[in-house]
Amino acid sequence: MSEVLLSVKGLKTYFPVKKGVFKRTVGYVKAVDDVSLDVYRGETLGIVGESGCGKTTLGKSILQLCHPTAGKVEYSFPDGVHDLMTMKGKELDDVRKRLQIVFQDPYSSLNPAFTIFGSFSDPLRKFGVRSRKDREKLVGDLLEAVNLPRSYMTRYPNEFSGGQRQRIGIARALSVSPELIICDEAVSALDVSIQAQVLKLLKELQEERSLTYIFITHDLSVVEYVSDRIAVMYLGKVVELAETDELFRDTIHPYTKALLSAIPIADITKKRKRIPLQGDVPSPVNPPSGCPFHPRCSFCQDRCRTEIPVLRRLEGTGKEHYVCCHRAEEFLAEIEGKGGNA
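Quick note on this note's numbering: the sequence shown kicks off at 153 and runs consecutively.
Written out as structure tokens, the structure is:
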């Protein structure tokens with residue numbers, strides 16, 4: 153098994169809800185609610201789920217861009233494993249060099265008042281590249297690494313297309329030679345043809361630079377292509393986690409099955425049985441008791457309404473397949489009896 157680069161343990165990120173003249177706290181938005189997972193060195197871990205399930209907040213919490221309420225974010229440094237949540241100020245500088253992010257919107261992630269060189273220059277200077285000549289060479293090399301001409305460093309963001317801006321965002325993330333990059337919906341704002349180019353580029357850079365990715369998206373076709381493992385989130389929790397092939401072949405959690413059934417098939421002769429979900433996603437301010445998915449689950453039992461399920465590894469799958477469902481073993485037995493999902 154590969155080395156664990158990042159380990160998230162019991163991570164919670166709550167945001168207070170304030171009301172009244174005195175802005176008293178009357179509740180909390182439970183954006184990330186007790187998430188635990190490992191990220192192995194050199195892999196791509198996909199994180200999927202509906203809008204509002206906590207995917208982006210989880211990514212930002214790992215990077216300490218928003219401070220988690222509880223839990224641990226342990227990272228493997230050369231001198232040992234350290235909890236990022238205990239680090240502050242200058243202690244986080246080394247973390248910033250090792251963990252970077254590519255933001256979702258390629259139009260708002262670049263300052264329109266700066267040239268591309270200007271957007272790269274300040275962070276490079278902060279991390280020790282003092283000479284302007286050295287910075288220019290490095291920025292030019294990075295632009296070429298993402299298949300853009302060196303001359304583009306003198307241009308402003310408004311002179312580029314969405315695909316070019318996202319490539320620049322990737323180059324900026326690479327500028328401090330990180331080990332792990334969080335791609336937050338990195339291709340969702342792009343045309344399909346441009347998506348393919350950017351995804352191909354990300355895979356090439358991963359091989360060349362030994363990168364580790366956390367790939368956050370709602371597009372299941374994209375995450376199937378890029379990911380080694382996939383974590384499915386619902387209402388701030390991970391409900392299923394497995395290797396990509398395993399997840400698509402032996403889908404166990406009812407929510408994951410509903411998501412996969414919605415993937416369009418580019419063949420009019422083939423049909424997939426859709427599993428429509430009833431109702432809306434519950435509010436993260438006031439989540440339902442028991443299993444958070446039970447109000448929308450057609451397999452709900454009395455136990456599901458009162459007892460919170462725990463994410464656990466299923467025995468008998470032969471691989472690391474984790475499911476957060478009381479009836480997981482029952483669903484697995486049905487799959488094995490049928491010889492796999494239809």
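For each residue, glycine too, the CB sits at the ideal point set by N, CA and C.
Residue environment, residue i, which counts as buried when at least 16 other CB atoms sit within 10 Å
i: residue 317; result: buried
i: residue 163; result: buried
i: residue 339; result: buried
i: residue 175; result: exposed
i: residue 298; result: buried
i: residue 242; result: exposed
Euclidean distance between Cα positions of residue i and residue j
i: residue 358; j: residue 321; result: 15 Å
i: residue 272; j: residue 278; result: 10 Å
i: residue 253; j: residue 276; result: 16 Å
i: residue 190; j: residue 476; result: 16 Å
i: residue 267; j: residue 308; result: 4 Å
i: residue 157; j: residue 334; result: 13 Å
i: residue 245; j: residue 259; result: 26 Å
i: residue 400; j: residue 375; result: 11 Å
i: residue 378; j: residue 353; result: 11 Å
i: residue 105; j: residue 407; result: No information on residue 105 is available, as it lies outside the stretch 153 to 494 that the chain covers here.
i: residue 472; j: residue 192; result: 13 Å
Chain-order list of residues whose beta-carbon lies under 6 Å from that of residue i (same chain, five-residue window excluded)
i: residue 290; result: none
i: residue 209; result: 165, 183, 184
i: residue 211; result: 334, 336, 368
i: residue 250; result: 330, 331
Proximity to residue i [Cα-Cα], best of the options
i: residue 239; options: 258, 219, 230; result: 219
i: residue 223; options: 249, 232, 160, 231; result: 160
i: residue 281; options: 188, 378, 362, 328; result: 328
i: residue 440; options: 430, 456, 216; result: 456
i: residue 452; options: 330, 347, 405; result: 405
i: residue 261; options: 443, 285, 310; result: 310
i: residue 515; options: 447, 448, 366; result: Since the first residue of the chain shown is 153 and the last is 494, residue 515 is not available in this structure.
Beta-carbon contacts of residue i that lie in its chain and below 8 Å, excluding the five residues immediately before and after
i: residue 288; result: 269, 305
i: residue 169; result: 177, 178, 179, 180, 181, 437
i: residue 274; result: none
i: residue 167; result: 180, 181, 183
Segment limits, alpha helix (DSSP H) that includes residue i
i: residue 456; result: 454-458
i: residue 397; result: 396-401
i: residue 406; result: 406-413
Chain-order list of residues whose beta-carbon lies under 7 Å from that of residue i (same chain, five-residue window excluded)
i: residue 207; result: 199, 201, 368, 385
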